[in-house]
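Chemist: In the numbering used here, the protein residues as written are 118 to 431.
By construction, the Cβ of each residue, glycine as well, lies at the ideal position given by its N, Cα and C atoms.
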Amino acid sequence: NLVALEDAHSRRPRAAYFGELQQMDATPYEWIPAQIWHLHLAIDDATGRITGGWFDTQETLNGYYHVFHQILTTYGIPYKFFTDRRTVFTYKKKNSPSIDEDTYTQFAYACKQLGVELGSSSVPQAKGRVERLNQTLQSRLPVELRLAGITTIDAANEFLNSYIKEFNEKFALPLHGIKSVFEVQPKIEKINLILAVLCERTVDTGHCLRHSNKYYRMIDSRGNQVHYRKGTKVMFIQAFDGSQYCCVNDKDIYALEEIPEHETKSKDLDIDYTPPKPKKPRIPPMNHPWRRQQFGKFVKQQEHHQNDQDTKIA
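1. Decide if SER237 is buried, meaning its Cβ has at least 16 other Cβ atoms within 10 Å, or exposed.
2. The beta strand (DSSP E) spanning GLY180 covers which residue range?
3. Looking at the secondary structure, which residues open and close the beta strand (DSSP E) in which ASP389 lies?
4. Check each candidate in ASN278, GLU234, LYS229 and PHE284 and name the one with the smallest Cα separation from THR253.
5. Does TYR192 pass the burial test, meaning 16 or more other C-beta atoms within 10 Å, or should it be called exposed?
6. With a CB to CB cut of under 8 angstroms and the five nearest residues on each side skipped, what residues in its chain are close to ALA125?
7. List the residues that DSSP assigns as beta-bridge partners of THR200.
8. Could you tell me whether any Cβ in chain B is nearer than 8 angstroms to the Cβ of SER279?
9. Do you know how far the Cα of ALA132 is from the Cα of VAL247?
10. Decide if the segment 152-165 is in contact with the segment 300-316; the criterion is three or more beta carbon pairs, one per stretch, under 8 angstroms apart.
11. So, at 6 angstroms on beta carbons, what are the nonlocal neighbours of TYR146 in its own chain, with the 5 sequence-adjacent residues on each side left out?
12. Let's see if you can read the secondary structure: which residues bound the alpha helix (DSSP H) around ASP161?
13. Where does ARG263 fall in DSSP's three states?
14. Should GLN140 and ASP162 be called a contact, given that it needs their Cβ atoms to be closer than 8 angstroms?
15. If you draw a straight line from the alpha carbon of TYR111 to that of TRP148, how long is it in whole angstroms?
16. What is the rounded straight-line gap between the Cα of LYS304 and the Cα of ILE388?
17. Looking only at DSSP bridge pairs, what is VAL365 linked to?
18. Could you check what DSSP says for LYS210 in three-state terms: helix, strand or coil?
19. So, with DSSP's three-state summary, where would you put GLU123?
20. Can you check which of these residues, THR164, TYR196, ASP201 and HIS157, is closest to TYR182 by C-alpha distance?
21. Buried or exposed: VAL97, going by 16 or more other Cβ atoms within 10 Å of its Cβ?
22. What do you get for LYS394, buried or exposed, if any count of 16 or more other CB atoms within 10 angstroms of its CB means buried?
23. Answer yes or no: do PHE299 and GLY136 have a C-beta to C-beta separation smaller than 8 angstroms?
24. Taking the C-alpha atoms as reference points, what is the distance between THR177 and ILE295?
25. Using the C-alpha atoms, what's the distance from LEU373 back to ASP321?
26. Which first and last residues belong to the beta strand (DSSP E) in which LEU292 is found?
27. Taking THR168 as the reference, which of GLU286, LYS307, VAL184 and LYS384 has the closest Cα?
28. State the DSSP-derived secondary structure class of THR319, mapped to helix, strand or coil.
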């Protein structure tokens, strides 16, 4: 009997080039006894090579950023990612998260900075290779983790590095004879700045910013606090390595210093009190990828794509 076109999932050949298409997914599974983690994966469509893998307790931007980081530092910039519309990559208008929690927008903006295309589908068969990889790893990896005595997620991520290398040697197609279209990998500093979490914040009456129930003061390159008027809009940035910055007026960059809830010592009551010395922070160069207006425009563009059958970076 004939199958309706929308229900048909024809077998297709592999991509022509190494780096042309990276299928991504995250799957929850009991990888070690009584511990369900999400394994974030990327597989190269042309070669079947695992190009990145990372465990996290949930499906997270952090997990996908670690996979992206592995790809960039090991192979370079891929041409395209293909993800699952059912996952947190999908922009959801109803009950939509705040921008800094919106995995799709954050990941898509990082892709845009590097010129990487991003597509998605709600059909598992459209990502057949990564779906089959998940099934294979679910049958093999728990055994290897147990034999290695792995009991924590940090140890599992460290083990994953060597496991992926061995897996690729056994099961991936050899790279010779397949042309690579990965672009030259960016410098580590640039990768750190691009794989960032961005959101807009407003300066309060104490000349500070609030994020995740914490307060931050803005510090310049000399280690001095800078003071902007209440209501000033700034871009809050958390780089891949956890460093935090803010960008004001799309040009001035400052490091952020968390303000503790309590002082550890009193200058009036503690004899051994010494005033803290200003620390000169490392400030990123002016050619950074953080522009509040540019990011805001990008966020608006993504809202228009929420009902697309195939989502692409505008």
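Modeler: The structure says:
1. Reading the sequence shown from its first residue, position 120 is the one you call residue 237. Answer is buried; the Cβ neighbour count reaches 16.
2. Position 63 of the sequence shown holds residue 180. Note, GLY180: premise wrong, no beta strand (DSSP E); alpha helix (DSSP H) at 178-191.
3. Numbered from 1 along the sequence shown, position 272 holds the residue referred to as residue 389. Counting along the chain, ASP389 falls outside any beta strand (DSSP E), and DSSP gives it neither H nor E.
4. For the purposes of this step, residue 253 is taken as the residue at position 136 of the sequence shown. Of ASN278, GLU234, LYS229 and PHE284, the residue nearest in Cα terms is PHE284.
5. As a first step, residue 192 is located in the sequence shown; it is residue number 75 there, counting from the start. Classification for TYR192: buried.
6. Here the question's residue 125 lines up with position 8 in the sequence shown. Residue placement at ALA125 is poorly supported in this model, since its pLDDT is 41, which falls under 50; the coordinates are not used for a value here.
7. Mapped onto the sequence shown, residue 200 falls at position 83. Answer by DSSP bridge pairing, in chain order: SER237.
8. Annotation note: the requested chain B is absent from the structure, which comprises a single protein chain.
9. Stepping through the sequence shown from its first residue, residue 247 is reached at position 130. Stepping through the sequence shown from its first residue, residue 132 is reached at position 15. VAL247 and ALA132: Cα-Cα distance of roughly 14 angstroms.
10. no
11. Along the sequence shown, one-based indexing puts residue 146 at 29. Closer than 6 angstroms at Cβ, skipping near neighbours: GLN255.
12. As a working mapping, residue 161 is identified with position 44 in the sequence shown. Annotation for ASP161: no alpha helix (DSSP H) segment contains it, though the beta strand (DSSP E) segment containing it runs 152-161.
13. Taking the first residue of the sequence shown as 1, we reach residue 263 at position 146. Correct three-state label for ARG263: helix.
14. Within the sequence shown, numbered from 1, the residue matching residue 140 stands at position 23. Within the sequence shown, numbered from 1, the residue matching residue 162 stands at position 45. Remark: C-beta atoms of GLN140 and ASP162 approach each other more closely than 8 angstroms.
15. The first residue shown for the chain is 118 and the last is 431, placing residue 111 beyond what the model contains.
16. For the purposes of this step, residue 304 is taken as the residue at position 187 of the sequence shown. For the purposes of this step, residue 388 is taken as the residue at position 271 of the sequence shown. Spanning the two alpha carbons is a distance of roughly 48 angstroms.
17. For the purposes of this step, residue 365 is taken as the residue at position 248 of the sequence shown. VAL351 and ASP369.
18. The count along the sequence shown starts at 1 and reaches residue 210 at position 93. Since pLDDT at LYS210 reaches only 48, below the 50 mark, its modelled position is unreliable, and the value read off the structure follows with that caveat. DSSP places LYS210 in coil when its eight states are reduced to three.
19. In the sequence shown, residue 123 corresponds to position 6, counting from 1. Caution is warranted here: a pLDDT of 49 is assigned to GLU123, below 50, making its placement in the model unreliable, and no coordinate value can be reported.
20. As a working mapping, residue 182 is identified with position 65 in the sequence shown. Looking only at THR164, TYR196, ASP201 and HIS157, the smallest Cα-Cα distance to TYR182 is reached by HIS157.
21. Limits of the chain in this structure are 118 at one end and 431 at the other, which puts residue 97 out of reach.
22. In the sequence shown, residue 394 corresponds to position 277, counting from 1. By the 10 Å Cβ count, LYS394 comes out exposed.
23. Taking the first residue of the sequence shown as 1, we reach residue 299 at position 182. Taking the first residue of the sequence shown as 1, we reach residue 136 at position 19. Yes, Cβ-Cβ distance for PHE299 and GLY136 is below 8 angstroms.
24. Stepping through the sequence shown from its first residue, residue 177 is reached at position 60. Stepping through the sequence shown from its first residue, residue 295 is reached at position 178. Going from the Cα of THR177 to the Cα of ILE295 covers about 32 angstroms.
25. Position 204 of the sequence shown, counted from the start, is the residue given in the question as residue 321. Position 256 of the sequence shown, counted from the start, is the residue given in the question as residue 373. The alpha-carbon atoms of ASP321 and LEU373 are separated by roughly 14 angstroms.
26. In the sequence shown, counting from the first residue as 1, residue 292 sits at position 175. No beta strand (DSSP E) holds LEU292; DSSP gives it neither H nor E.
27. Reading the sequence shown from its first residue, position 51 is the one you call residue 168. Per the Cα distances, VAL184.
28. One-based indexing of the sequence shown puts residue 319 at position 202. Three-state DSSP puts THR319 in a strand.
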